[in-house]
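Those letters in the sequence shown? Residues 4 to 163, by the numbering used here.
From the three backbone atoms N, C-alpha and C, an ideal C-beta is built for every residue, glycine too.
Taking it in order: structure first as structure tokens, then the write-up.
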Amino acid sequence: GYLRACAELTTQLYALGVAPREFWLAAGSGGTTAGLVAGAALLAPAYAVVGVTVSRPVPQIVQQVAELARGSLDLLGSTAAIATVDVRGGWIGPAYGTASPEGDAAAALVARTEGVFLDPVFGAKAMAALVDAARRGELTGPLVYLVSGGAPTLFGPVEE
Numbered sequence: 004g005y006l007r008a009c010a011e012l013t014t015q016l017y018a019l020g021v022a023p024r025e026f027w028l029a030a031g032s033g034g035t036t037a038g039l040v041a042g043a044a045l046l047a048p049a050y051a052v053v054g055v056t057v058s059r060p061v062p063q064i065v066q067q068v069a070e071l072a073r074g075s076l077d078l079l080g081s082t083a084a085i086a087t088v089d090v091r092g093g094w095i096g097p098a099y100g101t102a103s104p105e106g107d108a109a110a111a112l113v114a115r116t117e118g119v120f121l122d123p124v125f126g127a128k129a130m131a132a133l134v135d136a137a138r139r140g141e142l143t144g145p146l147v148y149l150v151s152g153g154a155p156t157l158f159g160p161v162e163e
């Protein structure tokens, strides 16, 4: 699904005259990241996919993403080469599935400045990594931050 999403995003962005240098997103299971990595390999765009692990150690996510991306391309009969999988670590916070102070701050910043609400356990943590990279001057050119879900966690548990 995200391989197709990559094609759609790429088509729409280039139609608007936007050539992103990177796609950033939270990497939980690695499936979404793998779809974008496979799509980037197939479409050969000039951007990198940057996953921020919110669930597992970086080497485990890198391996999972590479295997899933290669498997997706194999199903399509493609021999396209997969770029080195870029997964950033250090943003899981106190634990998987638990909000972090850095993520909370990033979510508040994005809500206040962009009107986008990020879930506290995936999107907010990955955005914290992106905000940190921006503050350190590591980003160049336009980029895309993919909000891939998490809406049910925005409002906390439902009590009956």
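Could you tell me if residue i is buried or exposed, where buried requires 16 or more neighbouring beta carbons within 10 angstroms of its beta carbon?
i	result
P123	buried
S18	The sequence given here places Ala at residue 18; Ser does not occur at that position. Label assigned to A18: exposed.
S103	buried
A22	exposed
R115	exposed
A131	buried
R59	buried
V119	exposed
Where residue i and residue j are concerned, what is the direct C-alpha to C-alpha distance, given to the nearest angstrom?
i	j	result
L39	A8	8 angstroms
L28	V52	8 angstroms
G42	A108	31 angstroms
A1	R24	Given that the chain is displayed from residue 4 to residue 163, the structure contains no residue 1 and the question cannot be resolved.
K128	G106	4 angstroms
L121	G152	8 angstroms
T56	A110	17 angstroms
A83	A49	14 angstroms
V65	E11	24 angstroms
G31	A44	21 angstroms
S139	R91	The question names Ser, but residue 139 is Arg in the sequence shown. Roughly 15 angstroms between the two C-alpha positions.
Which residues mark the beginning and the end of the alpha helix (DSSP H) in which residue i is found?
i	result
D77	V61 to L78
D89	Per DSSP, D89 belongs to no alpha helix (DSSP H); it is in the beta strand (DSSP E), D89 to R91.
L112	P104 to E117
State the start and end residues of the unbroken beta strand (DSSP E) segment that holds residue i.
i	result
V21	Segment: none, V21 is in no beta strand (DSSP E) and carries neither H nor E.
A29	E25 to A30
A133	In the sequence under discussion, the amino acid at residue 133 is Leu, which differs from the Ala named in the question. First-last for L133: G126 to R138, but that is the alpha helix (DSSP H), not the beta strand (DSSP E).
Original post:
What are the complete alpha helix (DSSP H) segments, minimum 4 residues, inside the stretch 32-60?
Top reply: Those alpha helix (DSSP H) runs which fall completely within the stretch 32-60 and span 4+ residues are 34-46.
Original post:
Is the stretch 63-76 touching the stretch 137-150, taking contact as three or more C-beta pairs under 8 angstroms?
Top reply: Under the 8 angstroms Cβ criterion, the stretch 63-76 does not count as touching the stretch 137-150, having fewer than three qualifying pairs.
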